[in-house]
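Here's the structure, in structure tokens; my notes come after.
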Amino acid sequence: MNPTKFDRESAMVARLLAVAGLPSTTIEDPMHVHGGKTGADVQVRIADRSVGVQVTEFGADEGVASPGRGLRATEKRNARQGQFPPAAIPLQHQLTSLRARVSDKIEKARRYTFQQFDEIWLLVAASLADPEAIVSTSFVSLLLTPDDVNSWHDDEMLRRSTYTKAFIHIQVGDMVYHWTPENGWQLIHGVARPQPIGGDLWFKSFLPPFPPRRR
Numbered sequence: 004m005n006p007t008k009f010d011r012e013s014a015m016v017a018r019l020l021a022v023a024g025l026p027s028t029t030i031e032d033p034m035h036v037h038g039g040k041t042g043a044d045v046q047v048r049i050a051d052r053s054v055g056v057q058v059t060e061f062g063a064d065e066g067v068a069s070p071g072r073g074l075r076a077t078e079k080r081n082a083r084q085g086q087f088p089p090a091a092i093p094l095q096h097q098l099t100s101l102r103a104r105v106s107d108k109i110e111k112a113r114r115y116t117f118q119q120f121d122e123i124w125l126l127v128a129a130s131l132a133d134p135e136a137i138v139s140t141s142f143v144s145l146l147l148t149p150d151d152v153n154s155w156h157d158d159e160m161l162r163r164s165t166y167t168k169a170f171i172h173i174q175v176g177d178m179v180y181h182w183t184p185e186n187g188w189q190l191i192h193g194v195a196r197p198q199p200i201g202g203d204l205w206f207k208s209f210l211p212p213f214p215p216r217r218r
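Heads up: take any position in the sequence shown, counting from 1, add 3, and you land on the numbering used here.
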């Protein structure tokens, strides 16, 4: 049996909570709890607060390719045929695609009051550990720093939204960025791209040590 939309999204929320160390007592389908649409995809209870979570998946080529011909559609077709050919990922657009995904969710969230919840969170899941989505949702964390996220996202746009918190969870590597109105975007789990020192290249610390030259 194929997992339902709620199965998939609740698993993403459960993984975020576990990685970020956020204790929850229940994870429920708000459609069943409240008997209709609330605008939230998943409902969790943290301490004595009811939290509605909107879940969305990052698209590496969002705004670059049409939905029917983009990476996600192609990857899904290939995976179901047992084919996993190499694919080109537009890395230069990943922050633009991320901003587009967040902006889209902010706009759609305006349709709801979320009166059933004490808080509303946004979860953007990227680099999914899923053979039908690992390429199309790829987000290369080594190309990212908290300053990058803050500079590419309109903080005022999020402040005016219905969200009290937002998360970017890069599943492969388990990096988590967390946004609040007070602190903006911060890395709360994982290792960001190091800042270069002097004339060093930023990726130098990730290279294996080279043996000394023989004279």
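Think of the CB as a built atom: it goes at the ideal place given N, C-alpha and C, for glycine as much as any other residue.
Bear in mind that the values here come from a model prediction, so they are computed numbers and not experimental data.
Using a Cβ-Cβ cutoff of less than 7 Å, which residues in the same chain neighbour residue i once the five nearest sequence positions on both sides are dropped?
| i | result |
| --- | --- |
| K108 | Q57, T59, L125 |
| L25 | I49 |
With a 10 Å radius around its C-beta and 16 neighbouring C-beta atoms as the bar for buried, classify residue i as buried or exposed.
| i | result |
| --- | --- |
| S154 | exposed |
| S178 | Per the sequence shown, the amino acid found at residue 178 is Met instead of Ser. Buried: at least 16 other Cβ atoms inside 10 Å. |
| Q97 | buried |
| P6 | exposed |
| A132 | exposed |
| I189 | Sequence check: residue 189 is Gln here, not Ile. Exposed. |
To the nearest angstrom, report how far apart residue i and residue j are at their CA atoms.
| i | j | result |
| --- | --- | --- |
| D194 | S144 | Correcting the residue identity first, residue 194 is Val in this sequence and not Asp. Their backbone Cα atoms lie some 9 Å apart in a straight line. |
| E135 | R83 | 8 Å |
| S53 | T165 | 15 Å |
| D32 | V152 | 30 Å |
| T3 | M34 | One cannot answer for residue 3 here, as it falls past the ends of the chain, which runs 4 to 218. |
| A63 | D150 | 20 Å |
| E110 | S100 | 15 Å |
| L147 | H156 | 13 Å |
Hey, residue i and residue j: beta-carbon distance below 7 Å or not?
| i | j | result |
| --- | --- | --- |
| A129 | I173 | yes |
| P184 | R163 | no |
| D44 | E12 | yes |
| H37 | Q118 | no |
| F61 | T167 | no |
| G39 | Y115 | no |
| V127 | I171 | yes |
| A103 | E159 | no |
| I30 | A14 | no |
| G187 | I123 | no |
With a CB to CB cut of under 8 Å and the five nearest residues on each side skipped, what residues in its chain are close to residue i?
| i | result |
| --- | --- |
| V22 | H172, D177, V179, H192 |
| K8 | D44 |
Note down, in chain order, each residue of its chain lying with its Cβ closer than 6 Å to the Cβ of residue i, except the 5 sequence neighbours on either side.
| i | result |
| --- | --- |
| L20 | S27 |
| A169 | L125, W182 |
| D121 | R52, S53 |
Next on the checklist: Threshold first: 4 residues or longer. Then list the alpha helix (DSSP H) segments lying entirely within the stretch 89-172, N to C.
Outcome noted: Within the stretch 89-172, the runs of alpha helix (DSSP H) at least 4 residues long that lie entirely inside it are, in chain order, 97-112, 149-155, 158-162.
Item to check | Runs of alpha helix (DSSP H) wholly within the stretch 4-39 (minimum 4 residues, chain order) | outcome: With a minimum length of 4 residues, the continuous alpha helix (DSSP H) runs that stay inside the stretch 4-39 are 8-23, 33-37.
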